[in-house]
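Heads up, the sequence shown is in the numbering used here, so the first residue is 22 and it goes up one at a time.
Shown next, in structure tokens, is the structure this report addresses.
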Amino acid sequence: MSISWSLHLRRDAASVSLARRVLVRTMETAGVDPEVCYDVSVALSEACANAVEHGGASGAYRVSAYLDGEKCRIEVTDSGPGFPEDGRGPARARPVPSTGPGAATAVEEAEHGRGLLLIRELADHVRFTNRPGPGGAVVSFDKNLKWREEAPLASV
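See the structure below:
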């Protein structure tokens, strides 16, 4: 047995919590371990927040989820400018000066990109790619699942 779903969402802040609630309810109902549910839901929230902030002119983005006996795969796709074409994916965190000219701007800039780092920490396998054609970013990640003892999908 497996579970899959896809949501086409407006790019607004309320859509992030909606996607998270759908995911958490699905995982809880299926019997996924609460710690794993939390990790995946935080990673999903970060990916959705990025789509809302950087998702382009279309005003929408898509969230897809697939759960099977061993893993959960999440994919968040938008129509924004995508990731830099340098082949390294999103920029890594960089040192931020705490004083001097530009410190406030550097601190503001340092606030961006932490969500992608968090996704990397919470998921087991992460891919940051660009959509072919009209463009857009694709954030895809997998998490190995642990199940509660009485979980409906654990024995399948």
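The beta-carbon is built from N, C-alpha and C at its ideal position, and this holds for glycine as well.
Considering only residues of the same chain and omitting the five flanking positions on each side of residue i, which have a CB-CB separation below 8 angstroms?
| i | result |
| --- | --- |
| G156 | G77, S100, G101, P102 and G103 |
Helix, strand or coil, according to DSSP, for residue i in the structure here?
| i | result |
| --- | --- |
| S161 | strand |
| S78 | Reading the sequence as shown, one finds Ala at residue 78 and not Ser. Coil. |
| I24 | strand |
| L138 | helix |
| A86 | strand |
| L166 | coil |
| E49 | helix |
| R32 | coil |
| R152 | coil |
| G91 | In the sequence as presented, Gly is not what sits at residue 91; that position holds Glu. Residue state, collapsed to three classes: coil. |
Residue i: buried (16+ other C-beta within 10 angstroms of its C-beta) or exposed?
| i | result |
| --- | --- |
| R46 | exposed |
| G136 | buried |
| M48 | buried |
| S36 | buried |
| A34 | exposed |
On the premise that residue j lies in contact with residue i, defined as a C-beta separation below 8 angstroms, what is that separation, rounded to the nearest angstrom?
| i | j | result |
| --- | --- | --- |
| L88 | L65 | That pair is no contact at about 13 angstroms. |
| R31 | A81 | 6 angstroms |
| L39 | C93 | With a Cβ gap of about 18 angstroms, L39 and C93 do not count as contacting. |
| A69 | V97 | Looking at the sequence itself, residue 69 is Cys, so the reference to Ala does not match. That pair is a contact at about 6 angstroms. |
| I95 | F149 | 13 angstroms between Cβ atoms; not a contact. |
Can you give me the Cβ contacts of residue i inside the same chain, cut-off strictly under 7 angstroms, excluding the 5 residues immediately before and after it?
| i | result |
| --- | --- |
| D60 | L143 and K164 |
| E171 | G52 |
Here's a check: name, in chain order, each residue in its chain whose Cβ is nearer than 6 angstroms to the Cβ of residue i, leaving out the five neighbours to either side.
| i | result |
| --- | --- |
| E67 | G136, L139 and I140 |
Does chain B have any CB closer than 7 angstroms to the CB of residue i?
| i | result |
| --- | --- |
| R31 | Absent from the structure: chain B. Only one protein chain is present. |
Inter-stretch contact at 8 angstroms, needing at least 3 Cβ pairs: the segment 138-155 / the segment 44-57: The segment 138-155 is not in contact with the segment 44-57.
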